[in-house]
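Engineer: Numbering (this note's numbering), first residue to last: 13 to 212.
Handing you this structure, nothing more for now.
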Ligand code: GRF
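What follows is the structure in structure tokens.
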């Protein structure tokens, strides 16, 4: 089987990148790890596994569009078929989102559509919900708003604070993100409106 060529976009620690690497998904090749942050620990993780890295600092550009045009210039020759956002801390403009329509996914630390945006675990605790979790979704032009691929549920216990809750959410993220990538790269899902369905 031809392997799907994947670029993982990171800005920070990259524990999800590590989970994707460790999952050794036979149907993908991680052809690039891209970071806007030159100090992201995720870059070290990629280097440790011999994965090519690219750093383009958004601060060197006047607009999102110029930043993204530069990114696209590097993705095209590499034949990137799927962009995986894994702790990538920049909001993307329609330029990149449209180019990778239905070919870009994100991971969010809440059960969307609840608690989009930043500090999702803190939002969940403050709202008093008894369950939260994480969501893998396709990226559309909104913030954390595209069609949902997989979700996992995490209970919020009385003794939980933001850190303990995030730790439990991360464990589930590390399980469902590689699983979602596997499903996509094996051609096992289809999108019907807002719904992402399994192919029989
Ligand atoms: C994850 O919690 C993910 O949900 C959010 O950013 C975090 C990235 O963590 N989008 P890491 O860099 O993969 O450790």
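A virtual CB, placed ideally from N, CA and C, is assigned to each residue, including glycine.
Everything numeric in this text was worked out from a predicted model, so none of it was measured.
1. Determine the burial state of residue 156: buried for a count of at least 16 other Cβ atoms within 10 Å of its Cβ, exposed for fewer.
2. Hey, is the stretch 186-206 in contact with the stretch 27-44, meaning 3+ C-beta pairs nearer than 8 angstroms?
3. Taking only three categories from DSSP, how would you classify residue 215?
4. Let me confirm a value: residue 93 is counted as buried when at least 16 other C-beta atoms fall within 10 Å, else exposed. Which label applies?
5. What is the rounded straight-line gap between the Cα of residue 169 and the Cα of residue 142?
6. Going by alpha carbons, who is nearest to residue 135 out of 177, 99 and 95?
7. Quick one: using the 10 Å Cβ neighbour count with 16 as the cut-off for buried, is residue 95 buried or exposed?
8. Our contact map puts residue 137 next to residue 191 with C-beta atoms below 8 angstroms; I'd like the distance itself, whole angstroms only.
9. Compute the distance between the beta-carbons of residue 148 and residue 98, then report whether it is under 8 angstroms.
Structural biologist: The relevant details are as follows:
1. In the chain shown, counting from the first residue as 1, residue 156 sits at position 144. When all chains shown are included, residue 156 counts as buried.
2. The stretch 186-206 is in contact with the stretch 27-44.
3. Lying outside 13 to 212, the shown extent of the chain, residue 215 is not represented and no answer is given.
4. Residue 93 sits at position 81 when you count from the first residue of the chain shown. Counting other Cβ atoms within 10 Å of its Cβ, residue 93 reaches 16 or more and is therefore classed as buried.
5. In the chain shown, counting from the first residue as 1, residue 169 sits at position 157. In the chain shown, counting from the first residue as 1, residue 142 sits at position 130. Distance between the alpha carbons of residue 169 and residue 142 is about 7 angstroms.
6. Here residue 135 refers to the residue found at position 123 of the chain shown. Looking at the Cα atoms, 177 is the closest of the given residues.
7. Against the chain shown, residue 95 aligns to sequence position 83. So residue 95 counts as buried.
8. As a position in the chain shown, residue 137 is number 125, starting the count at 1. As a position in the chain shown, residue 191 is number 179, starting the count at 1. Between the beta-carbon of residue 137 and that of residue 191 there is about 26 angstroms, and that puts the pair past the 8 angstroms contact cut.
9. Position 136 of the chain shown, counted from the start, is the residue given in the question as residue 148. Position 86 of the chain shown, counted from the start, is the residue given in the question as residue 98. Not closer than 8 angstroms, so no.
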